[in-house]
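Chemist: Residue numbers for the sequence shown follow my numbering, so the first one is 79 and each next one is one higher.
Even for Gly, the Cβ is constructed at its ideal location relative to N, Cα and C.
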Amino acid sequence: MKKLLSVVLALLMLAVMLPVTAMAADGYVTVSGINGFKNRQFASFEEAYNAIKPELAALCESGALG
79 MKKLLSVVLA LLMLAVMLPV TAMAADGYVT VSGINGFKNR QFASFEEAYN
129 AIKPELAALC ESGALG
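(1) Please classify F115: does DSSP put it in a helix, a strand, or coil?
(2) Going by the CB atoms, is the gap between A129 and F123 shorter than 8 Å?
(3) Alpha helix (DSSP H) containing S140: first to last residue?
(4) If G167 and E133 are in contact, beta carbons under 8 Å, what's the gap, nearest whole angstrom?
(5) Could you please give me the residues that DSSP links to V107 through a beta bridge?
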């Protein structure tokens, strides 16, 4: 019985993750939660990080992140 339940749980987890994986392949990266970057699209994670790095540094220096 435990084995059957574990197989069912594994299949349910797979079924839940498939739509997320399929929708994730947009070809761009978006950043949310940082003012000024809402709905901006970047070609790669590296490009997004380089764009928000100065803003993150300023937030860290100001103590706004806690």
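Modeler: Checking against the coordinates, here is how it stands:
(1) coil
(2) no
(3) F123 to S140
(4) The structure shown has nothing for residue 167, since the chain only spans 79 to 144.
(5) F120
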